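Peer 1: Counting from 1 along the sequence shown, just add 50 to a position and that's the residue number in the working numbering. We put the beta carbon where it would ideally sit given N, CA and C, even for glycine. Small disclaimer: the values here were computed from a predicted structure and weren't measured.
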Amino acid sequence: MEVWINYIPRFSNSLYFSNRLRILDNPLIRLKTEYYHILIDALLKDKVIGYMGQRILLEIVPEDKTMIDLKYLEAISPNSLIPIFRQLRRYFRAEGKPSLYNPLIPGLFHTSVIPVLFSVLSNRDGLGLGIKNVILDNAEIFSFEELLLIRYASSLLGATLILVVNHPRPDIISLAEKIVLSPSFSLKTLSRIIGIDIHELYSGLKIHCTENGVLAISREEEYRPVPPLTKMPKDLDYVDIVFGDKKDMVYDLISEIYESGSMIGWSSLNELLRTRNIPLSIYNKLVKYGFIEELKSSTGFQVFLTSKSRLMLEKFYKTQYYRHKT
51 MEVWINYIPR FSNSLYFSNR LRILDNPLIR LKTEYYHILI DALLKDKVIG YMGQRILLEI
111 VPEDKTMIDL KYLEAISPNS LIPIFRQLRR YFRAEGKPSL YNPLIPGLFH TSVIPVLFSV
171 LSNRDGLGLG IKNVILDNAE IFSFEELLLI RYASSLLGAT LILVVNHPRP DIISLAEKIV
231 LSPSFSLKTL SRIIGIDIHE LYSGLKIHCT ENGVLAISRE EEYRPVPPLT KMPKDLDYVD
291 IVFGDKKDMV YDLISEIYES GSMIGWSSLN ELLRTRNIPL SIYNKLVKYG FIEELKSSTG
351 FQVFLTSKSR LMLEKFYKTQ YYRHKT
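Here it is as structure tokens:
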């Protein structure tokens, strides 16, 4: 692993996380289910969700799902979490190939890097080339444990991790196999900041700087951050995303409940499921993913539609109306 101080290298076939580069597309978050907890942990660290949201999201994903993206998470989330994933889709993509140039989004620094890196790992065939370096700008934002995780993911890609720092920390320097200093940053300054004689402590450590002529960086860069791209997220059909080819059956069921006043008794529901040949597993999914809620009252067991289902029905009816008009 390399640490570059006050300077970002320009290499080909490299994966960048930086605001100094022109970003051509939003980063991709679409990762294997085995890495799903990494996304939830990043959202928690960025304070996008709380511990209750973390628990809900860790419990909600089915075991047979192989890939997770933001559209799917928005579709299966309860009403309280839907706006979060809709907002995230302004900054991140759920489809397409990974991008080599990814921004560090203010307020979403952890989500900008770790889940995106594991998404590259999950979709590495889409890049069509081998990644030689993973270059992380402003690396001092991240904790030592997070940097170890980033180094692990980089190693799985077969890439060298390059940490670019403006204010080096001793724990970051301790990870380095090679250090590159910009012209304005001397080895003496580095030794003073970390409080040790770096030559004595790290045997075999390669230090490159203008003082010894090993590496000459001819100019200083002025830090000019480039704002991240944002795109207005498109409306999603949550029923289609969750139920796929069973969506007509689902719309049929929730339409019947809606026409019954958005609430139906348990016996009437069972009769409806039986006459329409709707499997109980469909109903269980509707409850699990917040389309339907169950309520025990003094008059018995009731089932009612949530605002999530009513929103989907409204869009479904509009689609059917315009389809018939044309």
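Between Ser204 and the rest of its own chain, which residues show a CB-CB distance below 6 Å, the 5 nearest in sequence each way excluded?
Peer 2: Val184, Leu211
Peer 1: Could you tell me the boundaries of the beta strand (DSSP E) in which Arg80 lies?
Peer 2: Secondary structure note for Arg80: its beta strand (DSSP E) is the uninterrupted segment 80-82.
Peer 1: Go to Asp119, then tell me how far its beta strand (DSSP E) extends in each direction, as first and last residue.
Peer 2: 117-119
Peer 1: Helix, strand or coil: which one does DSSP assign to Gly294?
Peer 2: In the structure shown, Gly294 sits in a helix (DSSP, three-state: H, G or I).
Peer 1: Three Cβ pairs or more, each shorter than 8 Å: is that satisfied between the stretch 128-138 and the stretch 51-61?
Peer 2: no
Peer 1: Using beta-carbon positions only, say whether Met117 and Thr83 come within less than 8 Å of one another.
Peer 2: yes
Peer 1: Look up Tyr367 in the DSSP assignment and say whether it is helix, strand or coil.
Peer 2: helix
Peer 1: Helix, strand or coil: which one does DSSP assign to Ser347?
Peer 2: strand
Peer 1: Work out the CA separation of Leu150 and Arg80 for me, nearest whole Å.
Peer 2: 15 Å
Peer 1: Using the Cα positions of Asp96 and Ile314, report the straight-line distance between them to the nearest angstrom.
Peer 2: 41 Å
Peer 1: Would you identify the three-state DSSP class for Phe159, choosing helix, strand or coil?
Peer 2: Helix, per DSSP.
Peer 1: Please name the residue, chosen from Leu138, Asn216, Tyr333, Leu355, that lies closest to Lys284 on a Cα-to-Cα basis.
Peer 2: Leu138
Peer 1: Hey, out of Phe354, Phe168, Val230, Leu323, whose CA is closest to Arg78's CA?
Peer 2: Strictly speaking, residue 78 in this sequence is Leu, with Arg absent from that position. The option with the nearest alpha carbon to Leu78 is Phe168.
Peer 1: Hey, His160 and Ala92 are a contact pair by Cβ (cut 8 Å); roughly how many whole angstroms apart?
Peer 2: 4 Å
Peer 1: Enumerate in chain order the residues of its own chain whose CB-to-CB distance from Arg269 is below 6 Å, with the five nearest sequence positions on each side excluded.
Peer 2: With a pLDDT of 40 at Arg269, under the threshold of 50, the modelled position of that residue is not reliable, and the figure given next carries that caveat. Excluding positions up to five away in sequence, the list is empty.
Peer 1: Taking the alpha carbon of Val337 as the point to measure from, which residue in Ser318, Val292, Thr349 has its own alpha carbon closest?
Peer 2: The shortest Cα separation from Val337 among Ser318, Val292, Thr349 belongs to Val292.
Peer 1: What residue range is occupied by the uninterrupted alpha helix (DSSP H) comprising Ser415?
Peer 2: Here the chain covers residues 51 to 376 and nothing more, so residue 415 does not appear.
Peer 1: According to DSSP, simplified to helix, strand and coil, what is Tyr151?
Peer 2: strand
Peer 1: Under the rule that 16 or more other beta-carbon atoms within 10 Å means buried, what is Lys358, buried or exposed?
Peer 2: buried
Peer 1: Beta-carbon within less than 8 Å of Val98's beta-carbon, same chain only, minus the 5 sequence neighbours each way: which residues are those?
Peer 2: For Val98, where only same-chain residues beyond five positions count, the Cβ hits under 8 Å are Ile134, Leu138, Leu158, Thr161.
Peer 1: Distance check for Ser312 and Thr356, CA to CA, integer angstroms please.
Peer 2: 8 Å
Peer 1: Could you give the C-beta distance for Ile155 and Pro278, rounded to a whole number, given that I count them as a contact under 8 Å?
Peer 2: 5 Å
Peer 1: In three-state DSSP terms, what is Phe192?
Peer 2: coil
Peer 1: With DSSP as the reference, please indicate the residues paired to Thr356 in a beta bridge.
Peer 2: Bridge partners of Thr356: none, in fact.
Peer 1: With a 10 Å radius around its C-beta and 16 neighbouring C-beta atoms as the bar for buried, classify Leu207 as buried or exposed.
Peer 2: buried
Peer 1: Short of 6 Å in beta carbon distance, which residues of its chain neighbour Leu319, apart from the five on each side in sequence? Order them along the chain.
Peer 2: Val353
Peer 1: Tyr66 lies in the beta strand (DSSP E); which residues open and close that run?
Peer 2: Looking at the DSSP string, the run of the beta strand (DSSP E) that includes Tyr66 is 64-67.
Peer 1: Could you tell me whether the Cβ of Arg136 comes closer than 8 Å to any Cβ of chain C?
Peer 2: Protein chains in the displayed structure number just one, and chain C is not present.
Peer 1: Does the beta-carbon distance from Leu363 to Glu124 come in below 8 Å?
Peer 2: no
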